[in-house]
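Chains as they are written, first to last, in UniProt numbering: chain A, 1 to 308; chain B, 1 to 306.
All C-beta atoms in this analysis are idealised placements derived from N, C-alpha and C, irrespective of residue type, glycine included.
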Amino acid sequence: MITSKDKVAAVEQFAEQVTEIEGRSLWQDARRRFFTNKAAVISLIILALIASLSIFGPLLSQWNYADIDWAALSDISTLGRPSIETGHYFGTDPLGRDIFVRTMQGGQISLMVGILGSFVAIVIGTLYGATSGYLGGRVDSVMMRILEILNSFPFMFFVIILMTVFGRNILLIFIAIGAVSWLDMARIVRGQTLSLKNKEYIEAAYACGVSSHKIILRHIVPNVLGVVIVYATLLVPNMILLESFISFLGLGVQEPMTSWGALISEGSPNMEIAVWQLAWPLAFLVVTLFCFNFLGDGLRDALDPKDR
Amino acid sequence: MLKFIIKRLLEAIPTLLALVTLSFFLMHFAPGSPFTSERGVPAAVLANLQAKYHMNESLMSQYFHYLWDLLHGNLGYSFRFTDFTINQLVAQSFPVSAEIGFWSFLVAVSVGVLCGVFAALRQNSLLDYGVMAFANIGMVLPNFVIAPLCILFFSIHYQWLPAGGWNGGAWPYLIMPVIAMSTSYIAQIARITRGSMIETMHSNFIRTARAKGLPKSHIIIRHALRPAMLPVVSYLGPAFVGIITGSVVVDQFFGTGGIGQHFVNGAINRDYSMVMGITILIGTLTILFNAIVDILYVFIDPKIRY
């Protein structure tokens with residue numbers, strides 16, 4: 001009896017000491033590891049700079065994104081050059097509109113489509129894939145068949161229908177892109193879930209009587225997060241590229257609004273006479289996409305629970 | 001295993017039927033018709049045209065008409081290229097896209113996996129950044145920029161390669177389309193490979209293999225590569241279908257005459273039978289390759305059973 005009391009006392013004393021050591025959560029750990037990755041941190045800073053420049057940049061210029069500079073219109077390849085005096089820091093497009101302001105305005109659209117679109121795709125795709133993979137059996141079969149039908153459904157046709165029915169609307173582009181982009185995400189998450197669900201800790205949770213949706217949310221989803229985040233950062237640039245492809249087909253945002261993709265497809269036919277029309281929007285696009293990629297790598301390394 | 005394959009094949013039938021139904025009704029409910037144009041056609045001509053394509057009948061009767069033809073392997077007549085059946089147009093353009101796609105797929109998988117594995121083995125080193133930056137070129141440059149840049153560089157500046165055309169698929173005509181097609185897939189495959197390879201290299205069985213003193217090359221090839229390929233393979237199934245069904249950008253810039261152009265133009269021109277035909281083609285291929293991926297899982301991860 002006495003010894004057991006002693007032990008209890010000793011444990012209590014120990015417990016008091018333990019509470020003074022602060023526990024580190026998974027996310028604190030992840031943050032610490034993320035900030036040791038220089039490429040990812042620099043990318044994050046550059047992305048923040050590009051985003052704030054896209055929002056506040058137009059204030060720095062005397063031009064508006066829809067204004068036509070009639071003075072430069074007569075000869076774009078010489079008068080429309082990038083110069084400080086005329087106020088066209090990046091030059092003008094074939095209609096004499098200022099490329100600097102248009103690039104900033106296009107950036108707003110492209111970044112918004114990219115980030116919102118992938119967020120929707122990630123949420124739907126992860127939940128769908130994890131549910132399908134975990135439940136298995138007939139549910140899995142039906143859910144994967146639905147995925148296949150949607151996957152082989154002509155996406156371009158869907159976009160064209162939306163554009164003709166509702167007019168060219170940026171919100172609709174984003175819905176259309178988001179609605180088709182979660183399919184790959186769902187397949188990848190399902191593939192991971194199929195091998196995760198045979199792991200011991202899932203079995204243990206099941207044996208404890210944890211309900212299916214709790215197992216999916218608490219055990220499956222956090223463990224596929226590494227792959228999901230790598231894919232998500234692939235998705236943001238993909239969304240931006242997809243939007244630019246739609247612009248290339250002439251179905252993008254309504255003029256005079258623009259996006260990086262629209263600017264690039266307008267600029268590429270003129271690359272031999274007025275290279276700035278292609279170069280500036282392309283440079284912003286390329287830097288942004290590179291940064292998202294390095295950011296994704298950094299997040300993946302930071303969030304991998306095995307990588308301690 | 002055989003039971004599983006037969007089951008998948010049987011499941012494909014209702015899937016395809018649902019796909020056909022969904023796209024048929026969506027397309028016919030969309031406003032506009034193939035005969036809408038700036039200059040209206042006289043009413044009598046319009047009536048004749050509609051009668052020719054059964055468009056004066058009710059939607060349900062059109063639908064069953066289409067299904068009946070489809071059962072006989074007949075995809076109907078194009079509304080745009082009036083002298084051709086869809087079967088002819090697909091037979092003409094699909095082999096072109098499939099050939100470009102096949103080579104692009106080989107290039108993308110070999111370069112992408114190599115880049116990803118090397119980057120993962122030297123994580124956060126200069127080699128990692130360098131290799132991934134190279135692989136990511138395709139990710140950050142849209143292919144409608146890569147295609148004209150290729151033409152400008154290889155055809156106009158150096159005159160090494162023909163600027164366009166197909167010429168029965170002779171290799172000089174293949175190179176630029178394959179470059180434009182494969183670059184974005186290289187980037188995706190490299191990234192997915194790198195991510196899962198890093199994860200695999202940190203797992204317990206790799207530590208055990210290292211503790212046993214196995215040579216590094218043996219650990220990578222025999223132990224790490226197989227489980228690391230799991231997410232890559234699930235990406236490759238749909239990617240393969242996407243890559244062999246062509247791209248409108250490649251067809252437009254290089255004039256290869258693949259299937260990609262028909263699809264986008266078909267949707268814009270409201271060429272019902274063309275869009276339906278290509279949808280069915282893509283749908284069949286998607287179902288087929290998803291089944292193949294599911295079968296491959298069994299070989300890659302022995303824990304998975306059906």
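Anything in chain A within Cβ reach of residue i, meaning under 7 Å, just list it in chain order.
i                 : result
Ile287 of chain B : Glu148
Tyr129 of chain B : Ala39
Quick one: which chain A residues come within Cβ less than 8 Å of residue i?
i                 : result
Arg122 of chain B : Per Cβ cutoff of 8 Å: no residues; Arg122 of chain B is ~13 Å from chain A at best.
Report back the beta-carbon spacing between residue i and residue j to the nearest angstrom; my notes put them in contact at under 8 Å.
i                      : j                 : result
Val250 of chain B      : Ala98 of chain B  : Wrong, their Cβ atoms sit about 13 Å apart, outside the cutoff.
Ile189 of chain B      : Ala108 of chain B : 6 Å
Pro162 of chain B      : Pro172 of chain B : 6 Å
Pro281 of chain A      : Thr36 of chain A  : Contact flag wrong, Cβ pair sits at about 34 Å.
Met197 of chain B      : Val111 of chain B : That pair is no contact at about 15 Å.
Met139 of chain B      : Ala119 of chain B : Contact doesn't hold; Cβ gap of about 14 Å is too wide.
Val145 of chain B      : Ile177 of chain A : Wrong, their Cβ atoms sit about 20 Å apart, outside the cutoff.
Leu141 of chain B      : Val287 of chain A : About 12 Å separates the two Cβ atoms, so there is no contact after all.
Phe290 of chain A      : Asn136 of chain B : 6 Å
Ile46 of chain A       : Gly107 of chain A : Not really, about 13 Å apart at Cβ, beyond 8 Å.
Val113 of chain B      : Thr193 of chain B : 5 Å
Phe292 of chain A      : Val236 of chain A : 5 Å
Asp184 of chain A      : Tyr235 of chain B : 7 Å
residue 362 of chain B : Met181 of chain B : The requested residue 362 of chain B is not part of the displayed model; chain B covers only 1 to 306.
So which residues of chain B does residue i contact, with C-beta pairs closer than 8 Å?
i                 : result
Ser132 of chain A : Going along chain B, no residue has its Cβ under 8 Å from Ser132 of chain A, so there is no contact; the nearest lies around 12 Å.
Ala261 of chain A : Before going on, a small fix: residue 261 of chain A reads as Gly here, not Ala. By Cβ distance, chain B contributes Pro142.
Asp184 of chain A : Tyr235 and Pro238
Leu295 of chain A : Under the 8 Å cutoff, chain B gives no residues; its nearest Cβ is about 12 Å from Leu295 of chain A.
At a CB-CB cut-off below 7 Å, which residues of chain B make contact with residue i?
i                      : result
Leu116 of chain A      : In chain order: nothing, as chain B lies at least about 20 Å away.
Pro222 of chain A      : Ordered by position in chain B, no residue passes the 7 Å Cβ test against Pro222 of chain A, which lies about 14 Å from the chain.
Arg300 of chain A      : Gly195
Arg145 of chain A      : Glu11 and Thr15
residue 334 of chain A : Since the first residue of chain A shown is 1 and the last is 308, residue 334 of chain A is not available in this structure.
Leu172 of chain A      : The premise fails here: Leu172 of chain A is roughly 14 Å from chain B at the closest Cβ pair, so nothing lies under 7 Å.
Within a Cβ cutoff of 7 Å, which residues of the same chain sit near residue i, ignoring the five residues on either side of it in sequence?
i                 : result
Thr286 of chain B : Pro238 and Val241
Thr193 of chain A : Gly129, Ala130, Gly133, Tyr134, Ile220 and Val224
Ala209 of chain B : Ile219 and His223
Met239 of chain A : Val113, Gly114, Gly117, Ser118, Ile177 and Ser181
Asp301 of chain B : Pro227 and Leu230
Phe90 of chain A  : Pro82, Ile99, Phe100, Thr103, Trp276 and Trp280
For residue i, collect the residues of the same chain with a Cβ closer than 6 Å to its Cβ; drop the 5 residues on either side in sequence, then sort them by chain order.
i                 : result
Gln277 of chain A : Asp93, Gly267 and Asn270
Ala232 of chain A : Ser118 and Ile122
Asp307 of chain A : At Asp307 of chain A, the pLDDT of 47 sits below 50, so the modelled position is not reliable; the number obtained from the coordinates is stated separately. Correct list: empty, nothing qualifies.
Met1 of chain B   : none
Asp297 of chain A : none
Gln260 of chain B : With the sequence shown as reference, residue 260 of chain B is identified as Gly, and Gln is not the correct amino acid for it. Cβ within range, chain order: Gly246, Ser247, Val248 and Asp251.
Asn167 of chain B : Tyr173
Val230 of chain A : Gly296 and Arg300
Skipping 5 residues on each side, what residues in its chain have a beta carbon closer than 8 Å to that of residue i?
i                 : result
Ile292 of chain B : Gly237
Val253 of chain A : Ile109, Arg168, Ile170, Ile173, Ser247, Ser259 and Ala262
Ser244 of chain A : Ser110, Gly252, Ser259, Trp260, Gly261, Ala262, Ile264, Ser265 and Leu285
Tyr77 of chain B  : Tyr53, Phe84, Thr85, Ile86 and Ser273
Ser184 of chain B : Gly138, Met139 and Asn143
Leu234 of chain A : Asn293 and Gly296
Glu11 of chain B  : none
Counting only Cβ pairs nearer than 9 Å, list the residues of chain B close to residue i.
i                 : result
Ile264 of chain A : Pro142, Phe144 and Val145
Find the residues of chain A that neighbour residue i, judging by a C-beta separation of less than 9 Å, and give them in chain order.
i                 : result
Pro148 of chain B : Ser268, Pro269 and Met271
Counting pairs of beta carbons, one from the region 259–270 of chain A and one from the region 135–143 of chain A, are three or more of them closer than 8 Å? The region 259–270 of chain A, when compared against the region 135–143 of chain A, does not touch it at the 8 Å Cβ threshold.
Positions along the region 15–32 of chain B whose CB lies within less than 9 Å of some CB in chain A: Those would be Thr15, Leu16, Ala18, Leu19, Leu22, Ser23, Leu26, Met27, Phe29, Ala30, Pro31 and Gly32, in chain order.
Contact list for the region 132–146 of chain B against chain A, Cβ threshold 8 Å: Residues Met132, Ala133, Asn136, Met139, Val140, Leu141, Pro142, Phe144 and Val145.
Touching or not, the region 181–193 of chain A and the region 224–234 of chain A, by the rule of three or more beta carbon pairs under 8 Å? Three or more Cβ pairs closer than 8 Å define a contact, and the region 181–193 of chain A meets that threshold against the region 224–234 of chain A.
Chain-ordered residues of the region 178–197 of chain B with a beta carbon less than 9 Å from chain A: So the list reads Ser184, Ala187, Gln188, Arg191, Ile192, Arg194, Gly195 and Ser196, given in the order they occur along the chain.
Taking only beta carbons into account, state which residues of the region 187–211 of chain A come closer than 7 Å to chain B, listed in chain order. Hits within the stretch, in order: Arg187, Ile188, Gly191, Gln192, Leu194, Ser195 and Asn198.
Residues, ordered as in the chain, of the region 35–68 of chain A that lie near chain B by beta-carbon distance below 8 Å: Residues are counted here when their Cβ sits less than 8 Å from a Cβ of chain B; for the region 35–68 of chain A these are Asn37 and Ala39, given in chain order.
Quick check: the region 34–48 of chain A against the region 294–301 of chain A, are there 3 or more CB pairs under 8 Å? A contact exists between the region 34–48 of chain A and the region 294–301 of chain A.
Residues, ordered as in the chain, of the region 225–239 of chain A that lie near chain B by beta-carbon distance below 7 Å: Listed in sequence order: Gly226, Val227, Val230, Leu234 and Pro237.
Report yes or no: do the region 86–102 of chain B and the region 270–278 of chain B share at least 3 C-beta pairs separated by less than 8 Å? Counting Cβ pairs under 8 Å, three or more are found: they touch.
Can you confirm whether the region 23–30 of chain B touches the region 59–69 of chain B when touching is taken to mean that 3 or more C-beta pairs between the two stretches lie within less than 8 Å? Here the region 59–69 of chain B lies against the region 23–30 of chain B, with 3 or more beta-carbon pairs under 8 Å apart.
Return the residues of the region 290–306 of chain B that lie within a Cβ-Cβ distance of less than 8 Å from chain A, sorted by chain order. For the region 290–306 of chain B, which is checked against every Cβ of chain A, the residues closer than 8 Å are Asn290, Tyr297, Asp301, Lys303 and Ile304.
Given a limit of 7 Å on CB to CB distance, which residues of the region 210–244 of chain B reach chain A? When CB distances to chain A are screened at a threshold of 7 Å, the residues of the region 210–244 of chain B falling below it are Leu230, Pro231, Ser234, Tyr235 and Pro238, in chain order.
Could you name the residues of the region 250–264 of chain B whose beta carbon sits closer than 7 Å to any beta carbon of chain A, in the order they occur along the chain? Here the close residues are Phe263 and Val264.
Can you pull out the residues from the region 280–291 of chain A whose beta carbon lies closer than 8 Å to at least one beta carbon of chain B? Cβ contacts with chain B come from Leu282, Leu285, Val286, Leu289 and Phe290.
For the region 97–126 of chain A, which residues have a CB atom closer than 7 Å to at least one CB atom of chain B, in sequence order? Near chain B, meaning a CB-to-CB distance below 7 Å, no residue of the region 97–126 of chain A qualifies.
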